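Residue numbers (full-length UniProt numbering): 1 to 273. Note that the Cβ used here is the ideal one computed from N, Cα and C, for glycine as well. Just so it is clear, the structure is predicted and the values come from calculations on it, not from any experiment. Below: the structure, in structure tokens.
The following block contains the structure:
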């Protein structure tokens, strides 16, 4: 399979839906690669991998380390790495410095940033300098403190119009695709029919040009609250727990290691006592 390019993602508008998942490590990237068009090294790793309460504390160094790991494992899917909070909002120049580090130090294909019309100038600045950008509008986890929580967006007419304006602004600024997160389904469908680049939905509409989920949610590897928009395609967490319990029982009963797991002595036998 040929590697997926930014141009191929852009050209997918209105065609077969794009398949996208998150990845944070080389083995997971290898497992997902052939099934996906796009792998996102999301700053969600702060919560999924590091147990943080939000994405806010995630650093550029963390994103680079995990981005490099995923890039080493992906041979087919387009790899996109999130710009973390505080690494791009100050100015287009700051965003370029951060993006340049990510591209150079991870080998990824593009970066993602959150924000609508307010980030249009930055997106235009980056794309003009050779940095492909995946935009992210609607519910923006990096702005959750300002937004007042993780509730769905676009229920009120004024907010819906602002989100549509955000979608137009980032598409016109040069984003090759737009993640639309946590908005009511009719609004996501409207955005998809309005802008000329693909939309990638999460907690949005089936009419988006693609879908993305956090892989750990999709596999049943997260514990506690599961968002309404998640479908679990496996229960890996339960399987891991069961395997750990079986291993513990065998160790405590001295059933493991068994004879077949031991290395035989090749030298002279040691006399007992």
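Three-state secondary structure (DSSP) of residue i
i	result
residue 261	helix
residue 13	coil
residue 43	coil
residue 75	coil
residue 110	strand
residue 6	helix
residue 60	helix
residue 217	helix
residue 125	helix
residue 55	coil
residue 196	coil
residue 229	coil
Identity of the residues DSSP links to residue i by a beta bridge
i	result
residue 211	19 and 201
residue 181	138 and 202
residue 153	183
residue 82	112
residue 133	111
residue 38	20 and 78
Environment of residue i [buried if 16+ CB atoms lie within 10 Å]
i	result
residue 181	buried
residue 44	buried
residue 136	buried
residue 254	exposed
residue 251	exposed
residue 256	exposed
residue 47	buried
residue 87	buried
residue 231	exposed
residue 1	exposed
residue 125	buried
residue 34	exposed
Cβ pair residue i, residue j closer than 7 Å
i	j	result
residue 83	residue 113	yes
residue 170	residue 179	no
residue 81	residue 39	no
residue 6	residue 186	no
residue 183	residue 153	yes
residue 204	residue 188	yes
residue 36	residue 77	yes
residue 67	residue 108	yes
Touch check for the region 189-203 and the region 155-167: three-plus C-beta pairs under 8 Å?
-> yes
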